[in-house]
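Sequential numbering from 4 applies to the sequence shown in the working numbering. Here a beta-carbon is modelled for each residue, glycine too, at the ideal position from N, C-alpha and C. To keep things clear, I will list the structure first and then write my remarks on it.
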Amino acid sequence: DWDKIRIGDTVRVRSLGKRATLLAFPDHQKRVRVGLGEMTMSVGIDQLEADESPSPEASPPPDRPSLLAAAAEEVEARHSGNTCDLRGMRVEEALSEVERFLDTAALQNESPLFLIHGHGTGALKAAVRNYLKKSAYVRRWRPGEIHEGGDGVSVVYLR
4 DWDKIRIGDT
14 VRVRSLGKRA
24 TLLAFPDHQK
34 RVRVGLGEMT
44 MSVGIDQLEA
54 DESPSPEASP
64 PPDRPSLLAA
74 AAEEVEARHS
84 GNTCDLRGMR
94 VEEALSEVER
104 FLDTAALQNE
114 SPLFLIHGHG
124 TGALKAAVRN
134 YLKKSAYVRR
144 WRPGEIHEGG
154 DGVSVVYLR
């Protein structure tokens with residue numbers, strides 16, 4: 004029942020017969036990210052079931068940040084509301100679009116954001132990332148990871 008489950012809850016992956024930790028809610032393809040030890044994977048929601056068994060391990064002390072919490076913060080779903088596709092735009096046009104997109108996202112408290120600039124000659128990527136370094140909206144940004152689009156994407160976290 005998706006009304007009761009929360010990020011960090013333990014679930015069972017039927018196809019593996021293993022317990023896992025929920026890292027992200029279902030995306031538009033009805034797949035979720037789960038953590039199995041040091042590994043994360045994407046599975047269909049039809050492969051999950053509630054884990055009723057007691058946890059064999061104690062939870063970490065409250066003053067120590069858990070690796071799971073850090074991983075859950077870094078695993079985000081990309082959707083139309085948090086993604087801006089700048090491919091094919093000229094630098095001036097793209098920076099205007101980024102400014103508008105950041106304004107809107109800040110008002111809607113949307114974070115993280117995914118700016119798709121592609122690789123191309125590198126001019127658009129460089130201009131966008133230079134803009135992000137100076138923007139008052141941006142707390143931090145990073146290049147996308149492989150599963151996010153790699154270096155052709157900038158992932159932005161707002162203040």
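| message | Is the beta carbon of residue 119 closer than 7 Å to that of residue 156? | response | yes
| field | Close-in-space but distant-in-sequence residues of the same chain around residue 114 (CB under 6 Å, 5 per side omitted) | value | Within the same chain, residue 114 has close Cβ partners 160 and 161.
| query | CA-CA distance, residue 45 and residue 16? | reply | Cα atoms of residue 45 and residue 16: separation of roughly 11 Å, rounded to the nearest angstrom.
| query | What does a CB cutoff of less than 7 Å around residue 25 pick up in its chain, not counting 5 residues either side in sequence? | reply | Result list for residue 25: 8, 10, 11, 12, 14, 35 and 37, in chain order.
| query | My guess is that residue 54 and residue 22 are in contact by the Cβ rule of under 8 Å, so how many angstroms apart are they, rounded? | reply | At roughly 5 Å, the Cβ-Cβ gap stays under 8 Å, so residue 54 and residue 22 are in contact.
| request: For residue 52, write down the residues that DSSP places opposite it in a beta bridge. | output: 15
| field | Residues near residue 140 in its chain [Cβ-Cβ closer than 7 Å; skip 5 each side] | value | 105, 109, 161 and 162
| Bridge partner(s) assigned by DSSP for residue 21 | DSSP, once it has assigned bridges, lists 16 as partnering residue 21.
| If you check the beta carbons only, do residue 127 and residue 97 fall under 7 Å apart? | yes
| request: With DSSP collapsed to three states, give me the class of residue 86. | output: Collapsing the DSSP output to three states places residue 86 in a strand.
| Buried or exposed: residue 135, going by 16 or more other Cβ atoms within 10 Å of its Cβ? | That one is buried.
| query | By how many angstroms is the C-alpha of residue 49 removed from the C-alpha of residue 99? | reply | 42 Å
| Who pairs with residue 160 in a beta bridge, going by DSSP? | 143
| task | Work out the CA separation of residue 33 and residue 101 for me, nearest whole Å. | result | 29 Å
| query | Within 10 angstroms of its Cβ, does residue 85 collect 16 or more other Cβ (buried), or is it exposed? | reply | buried
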